[in-house]
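Asks: Here it is, the structure in full.
Protein chains: 2
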Amino acid sequence: MKNKAIEMRSCEGKGKMIQVFLPSISKFAIIVCLSLVFPSPIVSLQSAINVWPKPRLILWPKPVATFLSPSFTINSPHHQYLTPAINRYLRLIQTEHHHPLVSPSVNISNSSALEILTVNIIDLTAPLQHGVNESYSLSISEVGVTAYLTATTVWGAMMGLETFSQLVWGDPSSVPVGLYVWDAPLFAHRGILLDTSRNYYGVEDILRTIEAMSANKLNVFHWHIADSQSFPLMVPSEPELAAKGSYGPDMIYFPSDVARIVQFGLEHGVRVLPEIDSPGHTGSWAEAYPEIVACANMFWWPAGSQWPDRLASEPGTGHLNPLNPKTYKVIKNVIHDVATLFPETFYHGGADEIVPGCWKADPTIQSFLSNGGTLSQVLETFINSTLPYIISLNRTAVYWEDVLLDDKVKVDPSFLPREHTILQTWIHGTNSTKKITEAGYRAIVSSSDFYYLDCGHGGFLGNDSQYDQQTAGGNSGNGGSWCGPFKTWQTIYNYDITNGLSEDEAKLVLGGEVALWSEQADPTVLDSRIWPRTSAMAEALWSGNRDESGKKRYAEATDRLNEWRYRMVSRGIKAEPIQPLWCVRNPGMCNIVNSF
Amino acid sequence: MKNKAIEMRSCEGKGKMIQVFLPSISKFAIIVCLSLVFPSPIVSLQSAINVWPKPRLILWPKPVATFLSPSFTINSPHHQYLTPAINRYLRLIQTEHHHPLVSPSVNISNSSALEILTVNIIDLTAPLQHGVNESYSLSISEVGVTAYLTATTVWGAMMGLETFSQLVWGDPSSVPVGLYVWDAPLFAHRGILLDTSRNYYGVEDILRTIEAMSANKLNVFHWHIADSQSFPLMVPSEPELAAKGSYGPDMIYFPSDVARIVQFGLEHGVRVLPEIDSPGHTGSWAEAYPEIVACANMFWWPAGSQWPDRLASEPGTGHLNPLNPKTYKVIKNVIHDVATLFPETFYHGGADEIVPGCWKADPTIQSFLSNGGTLSQVLETFINSTLPYIISLNRTAVYWEDVLLDDKVKVDPSFLPREHTILQTWIHGTNSTKKITEAGYRAIVSSSDFYYLDCGHGGFLGNDSQYDQQTAGGNSGNGGSWCGPFKTWQTIYNYDITNGLSEDEAKLVLGGEVALWSEQADPTVLDSRIWPRTSAMAEALWSGNRDESGKKRYAEATDRLNEWRYRMVSRGIKAEPIQPLWCVRNPGMCNIVNSF
Numbered sequence: 059m060k061n062k063a064i065e066m067r068s069c070e071g072k073g074k075m076i077q078v079f080l081p082s083i084s085k086f087a088i089i090v091c092l093s094l095v096f097p098s099p100i101v102s103l104q105s106a107i108n109v110w111p112k113p114r115l116i117l118w119p120k121p122v123a124t125f126l127s128p129s130f131t132i133n134s135p136h137h138q139y140l141t142p143a144i145n146r147y148l149r150l151i152q153t154e155h156h157h158p159l160v161s162p163s164v165n166i167s168n169s170s171a172l173e174i175l176t177v178n179i180i181d182l183t184a185p186l187q188h189g190v191n192e193s194y195s196l197s198i199s200e201v202g203v204t205a206y207l208t209a210t211t212v213w214g215a216m217m218g219l220e221t222f223s224q225l226v227w228g229d230p231s232s233v234p235v236g237l238y239v240w241d242a243p244l245f246a247h248r249g250i251l252l253d254t255s256r257n258y259y260g261v262e263d264i265l266r267t268i269e270a271m272s273a274n275k276l277n278v279f280h281w282h283i284a285d286s287q288s289f290p291l292m293v294p295s296e297p298e299l300a301a302k303g304s305y306g307p308d309m310i311y312f313p314s315d316v317a318r319i320v321q322f323g324l325e326h327g328v329r330v331l332p333e334i335d336s337p338g339h340t341g342s343w344a345e346a347y348p349e350i351v352a353c354a355n356m357f358w359w360p361a362g363s364q365w366p367d368r369l370a371s372e373p374g375t376g377h378l379n380p381l382n383p384k385t386y387k388v389i390k391n392v393i394h395d396v397a398t399l400f401p402e403t404f405y406h407g408g409a410d411e412i413v414p415g416c417w418k419a420d421p422t423i424q425s426f427l428s429n430g431g432t433l434s435q436v437l438e439t440f441i442n443s444t445l446p447y448i449i450s451l452n453r454t455a456v457y458w459e460d461v462l463l464d465d466k467v468k469v470d471p472s473f474l475p476r477e478h479t480i481l482q483t484w485i486h487g488t489n490s491t492k493k494i495t496e497a498g499y500r501a502i503v504s505s506s507d508f509y510y511l512d513c514g515h516g517g518f519l520g521n522d523s524q525y526d527q528q529t530a531g532g533n534s535g536n537g538g539s540w541c542g543p544f545k546t547w548q549t550i551y552n553y554d555i556t557n558g559l560s561e562d563e564a565k566l567v568l569g570g571e572v573a574l575w576s577e578q579a580d581p582t583v584l585d586s587r588i589w590p591r592t593s594a595m596a597e598a599l600w601s602g603n604r605d606e607s608g609k610k611r612y613a614e615a616t617d618r619l620n621e622w623r624y625r626m627v628s629r630g631i632k633a634e635p636i637q638p639l640w641c642v643r644n645p646g647m648c649n650i651v652n653s654f
Numbered sequence: 059m060k061n062k063a064i065e066m067r068s069c070e071g072k073g074k075m076i077q078v079f080l081p082s083i084s085k086f087a088i089i090v091c092l093s094l095v096f097p098s099p100i101v102s103l104q105s106a107i108n109v110w111p112k113p114r115l116i117l118w119p120k121p122v123a124t125f126l127s128p129s130f131t132i133n134s135p136h137h138q139y140l141t142p143a144i145n146r147y148l149r150l151i152q153t154e155h156h157h158p159l160v161s162p163s164v165n166i167s168n169s170s171a172l173e174i175l176t177v178n179i180i181d182l183t184a185p186l187q188h189g190v191n192e193s194y195s196l197s198i199s200e201v202g203v204t205a206y207l208t209a210t211t212v213w214g215a216m217m218g219l220e221t222f223s224q225l226v227w228g229d230p231s232s233v234p235v236g237l238y239v240w241d242a243p244l245f246a247h248r249g250i251l252l253d254t255s256r257n258y259y260g261v262e263d264i265l266r267t268i269e270a271m272s273a274n275k276l277n278v279f280h281w282h283i284a285d286s287q288s289f290p291l292m293v294p295s296e297p298e299l300a301a302k303g304s305y306g307p308d309m310i311y312f313p314s315d316v317a318r319i320v321q322f323g324l325e326h327g328v329r330v331l332p333e334i335d336s337p338g339h340t341g342s343w344a345e346a347y348p349e350i351v352a353c354a355n356m357f358w359w360p361a362g363s364q365w366p367d368r369l370a371s372e373p374g375t376g377h378l379n380p381l382n383p384k385t386y387k388v389i390k391n392v393i394h395d396v397a398t399l400f401p402e403t404f405y406h407g408g409a410d411e412i413v414p415g416c417w418k419a420d421p422t423i424q425s426f427l428s429n430g431g432t433l434s435q436v437l438e439t440f441i442n443s444t445l446p447y448i449i450s451l452n453r454t455a456v457y458w459e460d461v462l463l464d465d466k467v468k469v470d471p472s473f474l475p476r477e478h479t480i481l482q483t484w485i486h487g488t489n490s491t492k493k494i495t496e497a498g499y500r501a502i503v504s505s506s507d508f509y510y511l512d513c514g515h516g517g518f519l520g521n522d523s524q525y526d527q528q529t530a531g532g533n534s535g536n537g538g539s540w541c542g543p544f545k546t547w548q549t550i551y552n553y554d555i556t557n558g559l560s561e562d563e564a565k566l567v568l569g570g571e572v573a574l575w576s577e578q579a580d581p582t583v584l585d586s587r588i589w590p591r592t593s594a595m596a597e598a599l600w601s602g603n604r605d606e607s608g609k610k611r612y613a614e615a616t617d618r619l620n621e622w623r624y625r626m627v628s629r630g631i632k633a634e635p636i637q638p639l640w641c642v643r644n645p646g647m648c649n650i651v652n653s654f
């Protein structure tokens with residue numbers, strides 16, 4: 059879906075019209091004739107008073123602010139999850155005293171201090187789930203005293219609270235007046251995948267990440283919990299999986315941990331979407347149940363064999379064996395317990411990277427193949443024995459694109475009912491999104507060419523002679539990183555996830571997720587790998603990557619992202635710097651060409 | 059210099075001989091006939107009891123350990139800098155209780171607990187300077203009770219203390235017995251460059267880095283203090299430079315900070331080598347003295363101009379004007395004060411990246427050129443007006459290679475006396491090292507192809523349309539990073555800094571330095587950008603990157619580096635992970651080929 063400016067129409071004497079960007083799938087359009095709201099002229103929000111992601115509409119005709127009253131408070135209806143958010147934001151707003159890197163050129167008015175933010179919610183009952191209304195409007199009148207935040211749902215209100223918090227700066231705290239914000243996301247699904255199997259992350263790391271997500275208006279924490287390297291989730295019905303398959307007793311997520319994370323997500327407007335990857339990526343299951351895992355604990359790429367004959371695409375072998383009935387006893391217990399632990403209505407089943415060599419190494423499967431069966435039939439057996447159960451638990455299944463698009467092992471679309479199945483892209487760039495949506499499936503976009511945060515740090519394999527070179531560029535393309543080069547914030551920002559799709563196809567794109575796979579990541583680098591690059595995606599999916607004229611806005615976004623990065627750091631997120639501080643202080647001077 | 063195994067000779071009945079690697083420049087050779095020291099056989103140190111960098115010689119015939127006595131202490135002569143190190147290591151050894159990732163298969167003997175480490179120093183007066191003897195030997199007899207650390211200098215003793223600390227593990231603490239270590243570096247200069255101008259680092263960040271350096275047996279903290287972006291050093295004779303050129307009053311290194319850093323370095327065996335880059339990279343000086351800086355505060359790459367006509371190689375313009383007499387008043391004050399603040403006998407003068415367009419923008423220089431002068435003469439004027447002064451302060455000058463090798467602006471070798479000048483490489487890979495040493499100069503190797511830690515993270519410039527692509531690989535080679543790809547630890551480990559040199563040329567190579575330039579780095583990523591990749595260089599320069607047979611040892615180094623990385627993390631250094639934890643637990647299984 060391309061963001062399209064709505065057609066210019068005349069305001070016929072009602073004042074200057076501004077363009078409001080709306081996704082083409084949007085059911086409504088807004089024309090704002092400014093004189094209806096404010097006299098004139100429009101002054102865009104100063105970069106120094108910065109909201110990230112940039113709201114869809116900000117009107118602030120005069121750069122005037124007032125002080126926040128020392129007794130400032132927030133009035134809102136009571137709600138199980140909103141009330142903790144209110145309390146958190148109130149504390150933040152009262153104590154943050156953010157100092158922008160570039161001092162705002164704003165006049166402090168003589169009007170009264172702002173005393174109250176009043177929050178109105180239209181529907182207090184809407185649960186946090188895909189597609190919930192996240193829109194809000196925020197208005198602070200010129201005379202101050204009271205500001206109003208109006209939202210359809212508590213989840214939209216949380217978004218508005220974040221925006222309000224970012225509008226406050228300085229000591230004593232100041233806040234713009236004569237300001238109106240209307241805001242809503244372009245895409246409903248805006249997430250981060252974190253792999254907690256290859257390396258383990260503590261609960262506090264996950265909570266900190268969710269908190270940073272909410273500050274960036276992201277709403278899906280896709281938790282890639284288990285993989286071949288470790289199985290860190292204590293599943294009550296199958297406790298041996300974690301007892302034997304985790305990295306150790308201090309590296310297990312217990313049900314109480316999951317409950318804490320889910321609750322924290324709800325208090326931050328962030329869904330926690332669990333992934334239990336299967337039937338591939340399950341080597342760790344063999345620690346508890348060797349009998350249900352093919353090719354477990356083998357060297358991943360047998361000496362002398364070709365790449366197509368590998369047993370896994372990276373070290374850590376093992377695929378669940380779909381022809382062993384016991385497999386289903388175990389995985390159904392897992393699915394059941396995960397559906398119990400996670401209220402989220404999406405369940406991610408994985409189904410990526412079925413490696414023929416692994417299944418072929420199993421005698422039962424070998425026998426099936428010898429009798430004319432195919433590997434795709436083996437996978438179909440697995441899907442057909444698990445997907446109906448997932449659906450029966452009122453879950454929508456998410457799978458990686460491979461299940462439909464792999465060139466060797468895939469299932470017939472008839473096994474994947476469109477109303478219950480969503481496919482997530484990762485390989486082949488936008489081509490996959492096209493194929494998935496052409497086939498009528500909903501898509502979540504995580505193209506490795508743009509959204510893989512781990513890429514570009516070279517290979518992690520040991521004994522790799524490509525790195526024994528005495529001249530530059532001796533190693534293979536992109537420094538040995540299959541998905542290199544490193545994805546810069548600009549690469550991420552500029553990616554249009556509906557590029558090349560028809561309007562109907564674009565409607566099937568739910569949104570996107572960046573992914574942090576953990577071969578070369580763990581808590582030491584969690585914040586800096588994710589932030590602020592993920593902020594770039596957050597803005598692109600929330601309000602787009604184009605300005606009012608339809609031009610990509612990466613140039614002007616640079617200073618704003620710099621400011622936002624420093625604010626995240628001051629809030630305890632160790633986001634990496636994108637430029638020398640000098641650049642922020644000298645706007646435009648660090649551009650590659652001398653123009654915006 | 060290539061590490062060469064000394065020629066195999068017979069031990070003639072004295073037991074099995076081991077090869078000891080020595081640099082070809084070494085004045086001595088060691089033949090160890092094992093039966094003279096220990097019965098037999100040699101058992102290489104278990105990876106789980108791991109010393110990084112690997113010592114040159116470890117003999118530990120039987121994998122036996124004893125407990126460390128709860129009253130364990132260290133006896134040593136008193137010394138201004140050694141005594142604090144002793145106290146620090148005693149506390150570390152008593153409290154660390156390191157748990158290796160893979161449990162050591164070591165027998166705990168029935169011998170007495172180890173009570174004392176006795177430190178003997180031959181020469182207590184040797185100052186910490188280039189080429190000081192850093193060798194040590196450590197022996198822990200089979201019966202325990204007392205261990206002996208012998209070193210020529212206190213600086214060697216500090217290296218031995220680090221080794222001893224890494225030999226201790228577990229709770230209660232255990233330590234190998236029947237162990238002998240002899241150790242000394244292959245290269246005398248083993249450093250890290252940190253750029254504190256483009257982004258600022260707090261004193262604590264620098265101290266933490268120096269502490270981690272000493273744990274890796276690195277001995278030179280090359281402090282690239284000032285550059286065009288900021289001038290953070292408070293120079294007593296020229297206080298305006300920092301007052302106006304720093305990023306702010308809270309981002310200045312005062313003389314008391316420098317004294318603290320220098321003292322900390324001395325207590326850790328780490329020299330603090332200051333660099334005041336000039337005459338290029340001096341835009342920040344113009345905040346205080348605009349009259350001595352050419353082309354300051356201009357857009358770095360004028361619109362429509364070609365690359366050769368740029369004013370700087372990256373944003374932040376400004377070169378000192380060598381034709382203005384006031385330039386020398388200011389810079390001599392700076393040189394004088396820096397030589398006072400830093401006891402280090404090397405003074406780094408920079409002299410890299412003279413950009414013709416910048417000097418040409420100055421009317422005085424333009425006039426000089428119009429009268430037949432050359433830019434190289436302008437640089438010669440500068441060098442000839444500052445280098446003799448540096449030498450007069452008993453300093454050896456270090457310059458970047460450009461001053462001799464730049465293809466446009468360089469000085470005649472007659473201006474650079476070989477006995478007082480060292481050249482540091484960064485561009486053109488090993489070719490530069492060859493040219494420098496062929497010309498008879500000593501060299502420090504910092505090839506950007508191998509040792510630049512910041513590379514591979516894409517460009518930092520704003521408004522860069524190369525990142526507005528909807529297909530993979532759309533941007534230019536290596537993801538827009540001029541020095542990409544990212545330098546993996548294996549790339550760094552395998553680099554032979556004397557590759558292609560004759561034996562005589564190799565003798566002129568003092569050592570190497572990794573560099574962390576700070577366009578995209580600041581305290582949030584300091585540890586993870588530097589560690590553990592710099593540990594890879596640390597071992598290569600200390601004991602080499604080859605095993606006893608002369609084969610590159612990167613395969614077996616993988617698990618050892620993993621272990622060391624986790625130990626650094628437990629010591630408070632947020633080194634990035636190089637593999638999933640699974641790989642360390644399953645040795646060899648994460649190799650690209652199934653063999654060591």
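Residue numbers (this note's numbering), protein chains in the order written: chain A, 59 to 654; chain B, 59 to 654. Every residue gets a Cβ at the ideal spot worked out from N, C-alpha and C, and that includes glycine. All figures in this text were calculated on a predicted structure; none of them were measured in a lab.
Three or more C-beta pairs under 8 Å: does that hold for the segment 269 to 285 of chain B against the segment 334 to 342 of chain B?
Replies: Enough Cβ pairs lie closer than 8 Å, so yes.
Asks: May I have the straight-line CA-CA distance separating A:E192 from A:L140, to the nearest angstrom?
Replies: Here residue 192 of chain A corresponds to residue number 134 of the first sequence, with the count starting at 1. Here residue 140 of chain A corresponds to residue number 82 of the first sequence, with the count starting at 1. So the two alpha carbons sit approximately 13 Å from each other.
Asks: Using a Cβ-Cβ cut-off of 9 Å, state whether B:K610 counts as contacting chain A.
Replies: Translated into the one-based positions of the second sequence, residue 610 of chain B becomes position 552. Yes, its Cβ sits closer than 9 Å to a Cβ of chain A.
Asks: Tell me the DSSP secondary structure of A:W213 in three-state form.
Replies: In the first sequence, the residue the question calls residue 213 of chain A occupies position 155. Residue state, collapsed to three classes: helix.
Asks: Please return the same chain residues whose Cβ sits closer than 6 Å to the Cβ of B:A184, not counting the five positions on each side in sequence.
Replies: Working through the second sequence from its first residue, we reach residue 184 of chain B at position 126. Answer for B:A184: V190 and T211, listed in chain order.
Asks: Along the chain, which unbroken stretches of the alpha helix (DSSP H) at least 4 residues long are found entirely within the segment 185 to 247 of chain B?
Replies: You should have 212 to 225.
Asks: Anything in the segment 141 to 174 of chain B with a Cβ closer than 8 Å to a Cβ of chain A? List those residues in chain order, please.
Replies: So nothing in the stretch comes that close.
Asks: In whole angstroms, what is the alpha-carbon distance linking A:A655 and A:E296?
Replies: The structure shown has nothing for residue 655 of chain A, since chain A only spans 59 to 654.
Asks: So B:K493 contacts chain A; which residues on that side make the cut at Cβ distance below 8 Å?
Replies: As a first step, residue 493 of chain B is located in the second sequence; it is residue number 435 there, counting from the start. Those within 8 Å of B:K493 in chain A number zero; the least Cβ separation is about 16 Å.
Asks: Of the choices B:S232, B:I179, B:V226 and B:Y238, whose alpha-carbon is the least far from that of B:N214?
Replies: By one-based count along the second sequence, residue 214 of chain B stands at place 156. In the sequence under discussion, the amino acid at residue 214 of chain B is Gly, which differs from the Asn named in the question. Among B:S232, B:I179, B:V226 and B:Y238, the Cα nearest to that of B:G214 is on B:I179.
Asks: Whose C-beta lies closer than 7 Å to the C-beta of A:S304 among residues of the same chain, with five residues either side of it excluded?
Replies: Counting from one through the first sequence, the residue named residue 304 of chain A turns up at place 246. Counting only Cβ-Cβ distances below 7 Å, and skipping sequence neighbours, we find S288, F289, P290 and I310.
Asks: Give the DSSP-derived three-state secondary structure of A:T398 in the structure shown.
Replies: The residue you call residue 398 of chain A lines up with position 340 of the first sequence. It is helical.
Asks: Pull the bridge partners of A:E325 from the DSSP assignment, please.
Replies: Mapped onto the first sequence, residue 325 of chain A falls at position 267. A:E325 is not bridged to any residue.
Asks: Whose C-alpha, out of A:L437, A:R611, A:D585 and A:A594, is nearest the C-alpha of A:S628?
Replies: As a first step, residue 628 of chain A is located in the first sequence; it is residue number 570 there, counting from the start. The shortest Cα separation from A:S628 among A:L437, A:R611, A:D585 and A:A594 belongs to A:D585.
Asks: With a cut-off of 9 Å, does the C-beta of A:I89 fall near any C-beta of chain B?
Replies: One-based indexing of the first sequence puts residue 89 of chain A at position 31. Residue placement at A:I89 cannot be trusted, given a pLDDT of 35 that sits under 50; the coordinates are not used to answer.
Asks: Would you list, in chain order, the members of the segment 576 to 608 of chain B that have their beta-carbon closer than 8 Å to a beta-carbon of chain A?
Replies: Listed in sequence order: S576, E577, Q578, A579, D580, T582, V583, D585 and S586.
Asks: My output table needs one value for B:P135: the three-state DSSP class, helix, strand or coil.
Replies: Translated into positions along the second sequence, residue 135 of chain B becomes position 77. The answer is coil: DSSP assigns B:P135 none of H, G, I, E or B.
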